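Taken in order, these protein sequences are the chains called A and B. If you count the first sequence from 1, you need to add 112 to reach this note's numbering. If you count the second sequence from 1, you need to add 2 to reach this note's numbering. I have placed the structure first, in the form of structure tokens, so that the comments after it can refer back to it.
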Amino acid sequence: MSPPLLEVENLRVSFPSPQGRVEVVRGVSFSLGKERLGIVGESGSGKSMTGRAILKLIRSPGKVTADKLMFDGLDILAQSEKQMRAIRGARISMVMQDPKFSLNPVMTVGAQIAEALVTHTKLPRAEIKARVLSMLEAVRINDPERVAGLYPHEVSGGMGQRVMIAMMLIPEPDLLIADEPTSALDVSVQAQVLDIIDDLVTSKGMGLILISHDLNLVSRYCDRILVMNSGEVVESCVASELSNAQHPYTRGLLAAMPQMNETREELPVLDRSAWAGT
Amino acid sequence: MNAITLTDLDISYGETQITHDINLSIAEGESFALVGESGSGKTTVLRAIAGLAPEWTGGISVLGQERSHGVDRQFARICQMVFQDPYGSLHPRKTVDASLGEPLAIHGIGDRANRIEAMLEAVGLDRRFRFRFPHQLSGGQRQRVAIARALMLEPKVLLLDEPTSALDVSVQAEILNLLKRLRREQNLTYLVVTHNLPVVSFLCDRLAVMRYGRIVEVADVAQLKSGQLANAYSRELYAASGGTLVQQIQD
Chain A
113 MSPPLLEVEN
123 LRVSFPSPQG
133 RVEVVRGVSF
143 SLGKERLGIV
153 GESGSGKSMT
163 GRAILKLIRS
173 PGKVTADKLM
183 FDGLDILAQS
193 EKQMRAIRGA
203 RISMVMQDPK
213 FSLNPVMTVG
223 AQIAEALVTH
233 TKLPRAEIKA
243 RVLSMLEAVR
253 INDPERVAGL
263 YPHEVSGGMG
273 QRVMIAMMLI
283 PEPDLLIADE
293 PTSALDVSVQ
303 AQVLDIIDDL
313 VTSKGMGLIL
323 ISHDLNLVSR
333 YCDRILVMNS
343 GEVVESCVAS
353 ELSNAQHPYT
363 RGLLAAMPQM
373 NETREELPVL
383 DRSAWAGT
Chain B
3 MNAITLTDLD
13 ISYGETQITH
23 DINLSIAEGE
33 SFALVGESGS
43 GKTTVLRAIA
53 GLAPEWTGGI
63 SVLGQERSHG
73 VDRQFARICQ
83 MVFQDPYGSL
93 HPRKTVDASL
103 GEPLAIHGIG
113 DRANRIEAML
123 EAVGLDRRFR
133 FRFPHQLSGG
143 QRQRVAIARA
153 LMLEPKVLLL
163 DEPTSALDVS
173 VQAEILNLLK
183 RLRREQNLTY
193 LVVTHNLPVV
203 SFLCDRLAVM
213 RYGRIVEVAD
223 VAQLKSGQLA
233 NAYSRELYAA
243 SGGTLVQQIQ
253 D
């Protein structure tokens, strides 16, 4: 077996507060090969911070420490800002939550996607254009020529998110971090977008970290799941085994979700004292 | 008597017509859901009933009272709305006390302090939250305040616009339980807009599926639970949010 793509050991992220430093990620460890890993948890559980820490996107005064943060043999923590820029986008890329706030409003969609490629490679202009169009096609945009000329405000939310995925995948990274890629989208569009990510990740043999608060979604699209609560990984399991989760927090989350054929009069509410001691 | 009757309702924003021929009748004490994708016009229907989208033709009547196009005080006493985003719908510089007291002041209702405390208790908030500002509350607590504010005038009909979509799963469960309990205790009628079908299954009795400003299907929640929706689009929605893992778990 080849060495894992990403190894994280005892990752800690902290921010200063009037009461001293607050740790938002407290000793997270995992390793990732060319597989799909899901990180789930509620708001404030530190799941997004974990994703950002991998890309060294946490700015001062936030502080990241780890015993080990290796990506494909590179020690991320030892990389300079300049070296990180060569990694971000090209080797590891990140799909953000909301296309409305993450796309540049004054650049056309096509130019933004091309920018990702121009930054990291030297290709003739015609080839860049061809790659952009084929990438837009890969994210199932019907009329790539026309869409490439549109500005972000002219495309719908679902299309914007697909544009963002196209932008992130065009340099063909080894690892894709998707931070709540669908929470700003409709249910019907959600499935489409995730199918696209899933297809591309599988066909290109990338690693995927899918960060979400939706247990169902993650269990459908990932191989392995980490459940996070207040900065710690409380449970790690194979996606298909999620229904047999042991930790009271995971079980509580599962039970609190209404089901399609709901018969319960009242939904069980998380009793936060149940695992506070663990 | 029907709680809400909509007849041939066409709503426009300026030149654009948003909904076409909406006909609905919702019985008193019923909990009714409007589902559909973004842009289907479901929130617009709610806004028109609440008086926030005044350009409409057709008829809106609530508890036998016809709604006028303008501001209607009497109407506010029987029908109130809860908005989607608890972070945006509370005034940031007003305390919970001021937010809850405002409808009472407008309608000249006395005994405010006691009413506010009773309402806070009804929505499961401790008394100590009364003089806090919204930024000192969590998302779930804010949504409780928003629900409390809507209930201050003791309305009979509550319009809920995606009441839980901005909340975490566990907090969503608390708010859904709260809504269910309040409906039972105060015999309220709900018109809920959501795109989360499992929430409909938990909270509602009937649902209407909307697309492109039209109602494509009205179904019983039993039909939803057993997956027997007739319309092709409804089935598509059902498939997109259903067939998931939770259905296979039987605790």
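Every residue gets a Cβ at the ideal spot worked out from N, C-alpha and C, and that includes glycine. Since this is a predicted model, take the numbers as computed values, not measurements.
Notebook entry, point to check: Between the stretch 197–217 of chain B and chain E, which residues of the former have CB atoms less than 9 angstroms from a CB of the latter, in chain order?
Noted result: Going by chain labels, chain E is absent from the structure shown, which instead holds the protein chains A and B.
Notebook entry, point to check: Can you list the residues of chain A that residue 242 of chain B reaches, using a CB-CB cut of under 8 angstroms?
Noted result: Neighbours of residue 242 of chain B in chain A, taken as residues at a C-beta separation under 8 angstroms, are given in chain order as 299, 300, 302, 303.
Note to self: Run through chain B and tell me which residues come within less than 9 angstroms of residue 276 of chain A, C-beta to C-beta.
What the structure shows: Chain B residues near residue 276 of chain A: none, gap ~18 angstroms exceeds 9 angstroms.
Next item on the list: Let me know the secondary structure DSSP gives residue 240 of chain B once reduced to three states.
Entry: In the structure shown, residue 240 of chain B falls within a helical segment according to DSSP collapsed to helix, strand and coil.
Check: Start and end of the beta strand (DSSP E) containing residue 82 of chain B?
Finding: For residue 82 of chain B, the enclosing beta strand (DSSP E) has its first and last residue at 81–84.
Next item on the list: Report yes or no: do the stretch 54–70 of chain B and the stretch 102–120 of chain B share at least 3 C-beta pairs separated by less than 8 angstroms?
Entry: No, they do not touch.
Notebook entry, point to check: Under a three-way DSSP split, which group does residue 178 of chain A fall into?
Noted result: The answer is coil: DSSP assigns residue 178 of chain A none of H, G, I, E or B.
Check: Where DSSP assigns a beta bridge to residue 187 of chain A, which residues make up the other side?
Finding: BP columns for residue 187 of chain A point to A:182.
Check: To which residues of the same chain is residue 143 of chain A closer than 6 angstroms at the C-beta, ignoring the five residues directly before and after it?
Finding: Answer for residue 143 of chain A: 116, 119, listed in chain order.
Next item on the list: Could you tell me whether the Cβ atoms of residue 155 of chain B and residue 79 of chain B are closer together than 8 angstroms?
Entry: Cβ distance < 8 angstroms, so residue 155 of chain B and residue 79 of chain B count as in contact.
Next item on the list: May I have a chain-ordered list of the alpha helix (DSSP H) segments no shorter than 4 residues that lie completely inside the stretch 20–91 of chain B?
Entry: Runs of the alpha helix (DSSP H) inside the stretch 20–91 of chain B: 44–52, 75–80.
Item checked: Beta-carbon proximity check, residue 192 of chain B vs residue 34 of chain B, cutoff 8 angstroms -> Yes. Within cutoff.
Next item on the list: Could you name the residues of chain A that residue 150 of chain B contacts, counting a contact when the two beta carbons are closer than 9 angstroms?
Entry: What residue 150 of chain B touches in chain A: nothing, since even the nearest Cβ is about 19 angstroms away.
Next item on the list: Grab me the residues of residue 25 of chain B's own chain with a C-beta within less than 8 angstroms of its C-beta, minus the 5 sequence neighbours each way, in chain order.
Entry: Correct list, in chain order: 8, 9, 10, 11, 217.
Margin query: Less than 8 angstroms between the C-beta atoms of residue 2 of chain B and residue 144 of chain B, yes or no?
Written below: Given that chain B is displayed from residue 3 to residue 253, the structure contains no residue 2 of chain B and the question cannot be resolved.
Next item on the list: Return no unless some Cβ of chain A is closer than 8 angstroms to the Cβ of residue 175 of chain B.
Entry: Answer yes: the Cβ-Cβ gap between residue 175 of chain B and chain A drops below 8 angstroms somewhere.
Item checked: Beta-carbon separation (whole angstroms), residue 298 of chain A vs residue 40 of chain B, contact threshold 8 angstroms -> Between residue 298 of chain A and residue 40 of chain B a beta carbon distance of about 5 angstroms is seen, short of the 8 angstroms cut, so the two are scored as contacting.
Next item on the list: Would you be able to state if there are at least three C-beta pairs under 8 angstroms between the stretch 262–273 of chain A and the stretch 167–187 of chain B?
Entry: They do not touch, by the three-pair rule.
Next item on the list: Put residue 12 of chain B into one of helix, strand or coil per three-state DSSP.
Entry: In the three-state DSSP reduction, residue 12 of chain B falls in the strand class (E or B).
Notebook entry, point to check: What separation, rounded to the nearest whole angstrom, lies between the Cα atoms of residue 173 of chain B and residue 165 of chain B?
Noted result: Distance between the alpha carbons of residue 173 of chain B and residue 165 of chain B: 11 angstroms.
Margin query: For a contact defined as C-beta to C-beta under 9 angstroms, what are the partners of residue 33 of chain B on chain A?
Written below: Per Cβ cutoff of 9 angstroms: no residues; residue 33 of chain B is ~13 angstroms from chain A at best.
Check: Under three-state DSSP, which class holds residue 18 of chain B?
Finding: DSSP, reduced to helix, strand and coil, places residue 18 of chain B within a strand of the structure shown.
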